[in-house]
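Chains as they are written, first to last, in the working numbering: chain A, -14 to 216; chain B, 102 to 288; chain C, 38 to 471.
Notes for the one structure printed next.
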Amino acid sequence: MKRALLLVFVGLVLAACQTTSARTINKLSSQSTEKVILVMPTDVELSELHASGLTTPHAEWTENARKHIDDALRNELTTHNARLIDYTKTADDEKRTSTQAQLQKLHGVVGATVFINHFNPNGKLPAKKEKFDWSLGPQAKVLKQRHNADYALFVYVRDSYATPSRVAAQVIGALLGVGIQGGVQFGFCSLVDLNSGDIVWFNYLARGHGDLRTQEPAVESVKELLLNFPT
Amino acid sequence: MKRILFVLAMCLGASACVYTHIEAKPQTVAGAFHVNTPVEWNQRDQEKMTVWTIDGQGLQLLGFVNGIDDGQVLYPGGQPDIIDKLPKFDKKMSLPEIRELLLNSIEASSLEDVREERFEPAKFGGEDGFRLQYRAASKQGLEYRGMLVGAVRNGKLWFVQYAGTDLYYYEKALPAVEEILNSLKFI
Amino acid sequence: MWKAAAFVVSSLLLGGCVTGGSGAPKLTADQIDQKVESGDVDMQTLDSIVDTYEAGGDVYGLEGLEAGYRPALTSDEAGIWMRMEKLESSFKTSGGRVLRSDINTYVKTVVCKLAGPFCGDIRIYIIDEPVPNASMAPNGMMLVHTGILLQFRNESQLSAVLGHEIGHYLRRHSLQRIRQAVQIGDAATIFGMLTGGIGSMAAAIFTHGTLSAYSRDHEREADKFGALLLQRHGYSIRSASGVWDQFIRIENAKIDDDKEKYEGDEDVEVSKGGSFFSSHPGHKERRDTMRVLADRIQAGAGPYADGRKEYWAILKNYRLDLLEDEVNRNKPAQTLELLKILAEDPESLGELKYVEGEVYRRRRKDGDMEKALARYQEALKLDGYPAKLHRAMGTVLSRLDRPTEAKEAFQKYLEAAPDAPDNKLIRQMVNIGS
């Protein structure tokens, strides 16, 4: 239900609006010569779409996709003259009220808010006057200090692929002139300035094609995910 | 997330969640109060509650409630399974009973771990009323702070509720909210 | 881009149609019952558990599931575990999780005792949710609601339920259930089990009914497993079976609450059933099965412990909170019945009397304030009543138009709890008119 709602929503947003990214800076900046981007734990899940229309998560595909996304991110972002470091979990990540756990939870709600109130034409906040000024607030410094990074990058991807019996249904559907979905790729990325907590770049993609299970198409998907990333 | 998706589903019905622009000047709100706001807001009408927000309802929310009647719940616009769990206002309630009503309503409105920080007598629109300050967490564990200020007048419960994320958003609009509360008068 | 979006939307709608249109017929609960009765479903396996045990065999190793088991990465089971692990990770910092270490440590200790070598494979999360329930996810994440902890009178009753859940894990019931659901296109079950059911907190558990997602023969098997683990660790099965008697009594009280709630609503037929264990075998059947097992494997032998003291030692710090959550459910007849059950044990009777008063004070029917006052006055003569009794008493006395006594009661509350968050208000209540 959750997933279906989300996808219908994303579909409607796309239908009405071409823009899928927002950014408030054109260039990355850093006090030192090197710009350091902290990659938050990538939230990826690949699912198998069954003939019945149901999806179940697929561990092996997910594991592969995580690797492919990680490699592609690194390749893509080195061209931006940035060094990537991985977020390392500590005991505090399991403590609800810790600042680092709270920042990640807040990012989840802010991300949803951006969908509902920025990209969704029906949910626009008129007093914002199209400004993109969402933030995690100055407490984001906690991440900066712990990891010595300038920015944090959040990545969220959901993707599903048809089982052979689903593919058969697609073929039959095509013969009958009915389109049956083969799978849906949905993801979003955001970049947070760890000095101010401001979200300086946000991008999402939602489409009926793309494949993260193998390396080459994964590179293409990541390029799409990083569209308009600050240089 | 679930709650946000519920809001989102509501928003698909186009007009259901269209926000209007509230300018930084004296305003009449919820058909019940005159207030003066120093900042701009986005307004949306929900059943029995007029909602103002700056950055989005999941981040910070200022709700104005125009008189809950005897025997009614505080949040009649919620999901049915939540309304079912909400305690009902009774016009004979004393302040200790109001305190209990508020805390139980907040707890039942899908927040977890509601912690009462302070409940004390306070003026509301010139009337003798109350002020509750609390903390709570969403189901997903995000920490919120909140306050609920109101009074019983003509057998009805009138209140303004302000809540926002403990990180950043609650404090961001707090000075404006205090100014709004200080300026509040019944129509 | 626009085309892609239209594609997404229309195909989703179609996806819905396909889901709705397909699906093999699903067995109803009654059909499963018939199968069990006709011996079609593996009742022999169930009995063989008992036989294995009696022959001195290892009851843990039934499914060949080894301690530390993890499914192969390529399997469907691995996908389910992956989802569960993600949910579990968000669960650790969820708002509804009870963090108090005493109760967490205690339940973990009992689980470890029962689960033996599988102790490390089962992780317990206590959820602040008054509806009595417990559930087990396929990957060993066990959820225990505070509401069910309130129902137990001793450690053997707790162990029967924990052992039941451990049985689900060892026999991988939910995996079987998910596989069946995928096959027949049972979307509700899949969503329930993979998202809302186990993952997104307690409220969702009851919309989707994690427990009711298991089929009845799984429940019967898990019950037997629970009983055998009780036996293995020297708990009295007969004493544990009392928990079903308690549920039966509360179930009967539920009728009164429903009558009250649906008064005048002709569309609603008030009856038994539809409660939290509705897809489980009936309480009575479960109690009787346990009694038969008790007679069969614990006849004459012993001694068998009920662990009442051990359970109370933990619950006493906690019971008042749980009782207040129970009162907030607004099911007065059931709460009063529960209080009667709990009062059969002698501990902290003042606390129970106070809560009884609270049920009446909150119900607010004619004569309830007088009833509440009488309960508070009784509680004052008993052990274990809390300081807030005085505040409740003051509130009731105000309602009864007895302002002088009300002030005295509020004054007592202030003396007993000078730093309470509402102390300014109470001071005002004391000073009114003086």
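All residues carry an ideal CB built from backbone N, CA and C; glycine is no exception.
Note that the structure is a prediction, hence the values are computed from the model and not measured.
Beta-carbon neighbours of residue i, restricted to chain B and to distances below 8 Å
| i | result |
| --- | --- |
| Leu462 of chain C | Leu196, Pro197, Arg200, Phe220, Glu221, Pro222, Phe231 |
| Arg439 of chain C | Correct list: empty, because the minimum Cβ distance to chain B is about 13 Å. |
Amino acids of chain A, ordered along the chain, whose beta-carbon sits closer than 8 Å to that of residue i
| i | result |
| --- | --- |
| Val219 of chain C | His35, Ser37, Leu39, Thr41 |
| Lys269 of chain B | Going by the sequence as given, residue 269 of chain B is Tyr instead of Lys. Near Tyr269 of chain B (Cβ distances below 8 Å), the residues of chain A are Leu91, Ser120, Leu121, Gly122, Pro123, Gln124, Gly182. |
| His135 of chain B | Those within 8 Å of His135 of chain B in chain A number zero; the least Cβ separation is about 20 Å. |
Burial state of residue i, where buried means 16 or more other Cβ atoms lie within 10 Å
| i | result |
| --- | --- |
| Asn255 of chain B | exposed |
| Leu285 of chain B | buried |
| Leu212 of chain A | exposed |
| Gln130 of chain A | exposed |
| Gly133 of chain C | buried |
| Thr216 of chain A | exposed |
| Ser206 of chain B | buried |
| Asp420 of chain C | exposed |
| Asn133 of chain A | exposed |
| Ala336 of chain C | exposed |
| His122 of chain B | exposed |
| Glu256 of chain C | buried |
| Thr121 of chain A | The amino acid occupying residue 121 of chain A in the given sequence is Leu; Thr does not appear at that position. It is buried - the Cβ of Leu121 of chain A has at least 16 other Cβ atoms within 10 Å. |
| Glu279 of chain B | exposed |
| Gly38 of chain A | buried |
| Tyr263 of chain B | buried |
| Tyr299 of chain C | exposed |
DSSP state of residue i mapped onto helix, strand, coil
| i | result |
| --- | --- |
| Lys126 of chain A | helix |
| His182 of chain C | strand |
| Ala259 of chain C | helix |
| Thr40 of chain A | strand |
| Lys24 of chain A | The question names Lys, but residue 24 of chain A in the sequence shown is Val. Of the three classes helix, strand and coil, the one that applies to Val24 of chain A here is strand, per DSSP. |
| Gly339 of chain C | coil |
| Ile288 of chain B | coil |
| Val142 of chain A | strand |
| Met466 of chain C | helix |
| Pro222 of chain B | strand |
| Gly168 of chain B | strand |
| Ala115 of chain C | helix |
| Ser138 of chain C | helix |
| Phe214 of chain A | coil |
| Gln194 of chain B | For the sequence presented, residue 194 of chain B should be read as Met rather than Gln. In this structure, Met194 of chain B counts as coil in the three-state DSSP scheme. |
| Asp214 of chain B | strand |
| Ala137 of chain A | strand |
| Thr73 of chain A | coil |
| Asn289 of chain C | helix |
| Val278 of chain B | helix |
Proximal chain A residues relative to residue i, where beta-carbon distance stays under 7 Å
| i | result |
| --- | --- |
| Lys129 of chain C | Glu79 |
| Val119 of chain B | Asn107 |
7 Å Cβ cut-off: residues of chain B touching residue i
| i | result |
| --- | --- |
| Ser473 of chain C | In the structure as shown, chain C begins at 38 and stops at 471. Residue 473 of chain C is therefore absent and cannot be evaluated. |
| Thr27 of chain A | Near Thr27 of chain A there are no residues of chain B at all, since even the closest Cβ is about 18 Å away, more than 7 Å. |
Cross-chain neighbours of residue i in chain C, by beta carbon under 8 Å
| i | result |
| --- | --- |
| Glu48 of chain A | Leu110 |
Contacts that residue i makes with chain C (C-beta to C-beta distance below 9 Å)
| i | result |
| --- | --- |
| Glu205 of chain A | In chain order: nothing, as chain C lies at least about 15 Å away. |
Chain C contact residues for residue i, given Cβ-Cβ distances below 7 Å
| i | result |
| --- | --- |
| Glu213 of chain B | Gly132, Gly133, Asp165 |
| Glu217 of chain B | Pro458 |
| Asp191 of chain B | Arg401 |
| Ala97 of chain A | Ordered by position in chain C, no residue passes the 7 Å Cβ test against Ala97 of chain A, which lies about 14 Å from the chain. |
Interface partners of residue i on chain B, CB under 9 Å
| i | result |
| --- | --- |
| Gln465 of chain C | Leu196, Glu221, Pro222 |
| Asn472 of chain C | As displayed, chain C neither begins before 38 nor continues past 471, which places residue 472 of chain C out of reach and without an answer. |
| Gln87 of chain A | Gly242, Leu243, Glu244, Thr266, Asp267, Leu268 |
Contacts of residue i in chain A (Cβ-Cβ under 9 Å)
| i | result |
| --- | --- |
| Gly226 of chain B | Near Gly226 of chain B there are no residues of chain A at all, since even the closest Cβ is about 25 Å away, more than 9 Å. |
### Task
May I ask you to verify whether the region 34 to 46 of chain A touches the region 100 to 114 of chain A, counting CB pairs closer than 8 Å and requiring at least 3?
The way I'd put it, the region 34 to 46 of chain A doesn't touch the region 100 to 114 of chain A; fewer than three beta-carbon pairs between them come closer than 8 Å.
### Query
Using a beta-carbon distance cut-off of less than 7 Å, what residues from the region 237 to 264 of chain B approach chain C?
Ala238, Ser239, Lys240, Gln241, Gly242
### Query
Given 8 Å as the limit, is there contact between the region 279 to 293 of chain C and the region 362 to 378 of chain C, that is, 3 or more CB pairs closer than that?
Yes, the region 279 to 293 of chain C is in contact with the region 362 to 378 of chain C.
### Task
Closer than 9 Å, Cβ to Cβ, to anything on chain B: give me those residues from the region 8 to 25 of chain A, in chain order.
none
### Task
Could you tell me whether the region 242 to 250 of chain B touches the region 266 to 275 of chain B, where touching means 3 or more Cβ pairs closer than 8 Å?
yes
### Members of the region 410 to 432 of chain C near chain B, C-beta cut-off 8 Å
Arg428, Gly431, Thr432
### Query
Between the region 394 to 407 of chain C and the region 432 to 448 of chain C, do at least 3 Cβ pairs fall closer than 8 Å?
yes
### Task
Output, in sequence order along the chain, the residues in the region 135 to 156 of chain B whose CB is closer than 8 Å to any CB in chain A.
Glu141, Trp142, Asn143, Thr154, Ile155, Asp156
### Task
Decide yes or no for the touch test of the region 95 to 105 of chain A against the region 52 to 60 of chain A: beta carbon pairs closer than 8 Å, at least 3 of them.
The region 95 to 105 of chain A is not in contact with the region 52 to 60 of chain A.
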